[in-house]
Structure formats: C-alpha cells, structure tokens
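Numbering (this note's numbering), first residue to last: -17 to 140.
Shown next, in the form of structure tokens:
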C-alpha cells in the first residue's frame, strides 16, 4: 500500500551534507517503491516556493528566517498554517522529521500529531550532557519524541 510521506528538515540541498544526502536518497528510494514523497524545508537565497527534482520529488521551500547554519528560527504557531496547507493539499499520511537540531522537524512532528498523522523521527547525531546547549536539545527531544510513532537512528552512536 503506497503512502504519502512528507520529509521535513531545515537541512536539504543545495546545502551539502550527510543529512541532506540521506533525505534525498531515502526519498528517491521510497518513490521507486511506489510511495509519494515531498520535502518541506526552508527557502534558500535563490530557491523559494515549490521545485521539482528528479524522479518526481517535490520540494517546498518555506520562507522562514534562517538563524545559524541553516537552522530556522523556532516559530511553532507561525509554521502551522503553511504546514497544514501543504499536508492537506498533498494528502500526507506520514510526517518524517530529520535532525535533532532542526526546528522545522520538531514543529512538524508536533503539528502532525495534533492533526492525527503518523510520525517518524530520524536522529543523525549524538548529544551528550557536556554543556547547557546539549542539555537543552536533549530536553527538547524528550518532549518532541514523547508521542512519535517510530524513531530511526542512523548509527550506533545516536
């Protein structure tokens, strides 16, 4: 049974990196298996609106303020109307968030659970308790992941 899946993260092409590559490769393979996949990320300088990549991969570039290293400013409620519109238009059944440092990922998972959608979270990194920032991220993860359907860790260190 094919699903309609939304991959959500602050990190996606044209920014190079492992998370970006993982999302693209996973999306491509899911499309090859018959699923419909879209990607929701923030806008880049020359990329706004909706773009189509190879194999029918649709990318929504949402116009949000980027704070630091491709992370958007956490808005919580400002993201909901855009997210809801995309989810309803694309008839999304599963929301798959990537990267613990992505505020779009956390917000999408929270809104998806509010809308009664299935959720998946993929962690791409390991955070210890060495400083206040890592402790804060771990607390945020505990809050976000308390109601997620599945969690994927891409390595044993996660």
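The beta carbon of each residue, even a glycine, is placed where N, CA and C say it ideally should be. Remember, it's a predicted structure, so these values are computed and weren't measured experimentally.
For residue 34 and residue 127, the gap between their C-alpha atoms comes out near 30 Å. Annotation: the continuous alpha helix (DSSP H) that includes residue 120 extends over 114 to 126.
Within the same chain, Cβ atoms closer than 7 Å to the Cβ of residue 26 are found at -4 and 43, the five residues on either side in sequence being excluded.
When the five nearest sequence neighbours on each side are left out, the beta carbons in the same chain lying within less than 7 Å of the beta carbon of residue 77 are those of -12, -10, 90, 91, 94, 99 and 101, in order along the chain.
Contact check for residue 86 against residue 119 fails: the beta carbons are separated by 8 Å or more. 24 is the residue among 14, -15 and 24 whose C-alpha sits nearest the C-alpha of residue 61.
As the crow flies, the alpha-carbon of residue -14 is around 14 Å from that of residue 11. Membership of residue 20 in the beta strand (DSSP E) is indicated by the continuous run 18 to 24. In the three-state DSSP reduction, residue 46 falls in the coil class, being neither helix nor strand.
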